[in-house]
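Visitor:
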Amino acid sequence: MQKINEFKLNSEFVPTGDQPSAIDAIVEGIKKEKSDIVRCNR
Numbered sequence: 001m002q003k004i005n006e007f008k009l010n011s012e013f014v015p016t017g018d019q020p021s022a023i024d025a026i027v028e029g030i031k032k033e034k035s036d037i038v039r040c041n042r
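Counted the way the UniProt record's numbering counts, the sequence shown spans residues 1 to 42.
(1) Given this structure, state the Cα-to-Cα distance separating S35 from T16, to the nearest angstrom.
(2) Which residue marks the beginning of the alpha helix (DSSP H) containing D24, and which one marks its end?
(3) Roughly how many angstroms lie between the CA atoms of Q2 and I23, to the nearest whole one?
Printed below as a string of structure tokens:
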């Protein structure tokens, strides 16, 4: 996998509820180059 440039997101919104742990899990999956990360829209 090719390394992609880092980006930063600035927002007035903050994660709530289970979002912080979900974000952490997604980031760890990306770092480990997992291919089974699922994104769900509600």
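Heads up, the beta-carbon is just placed ideally off N, CA and C, and yes, glycines get one too.
Guide: Reading from the atomic positions:
(1) In a straight line, the C-alpha of S35 is about 26 angstroms away from that of T16.
(2) Its alpha helix (DSSP H) spans residues Q19 to K31.
(3) Taking the straight line from one Cα to the other gives about 22 angstroms.
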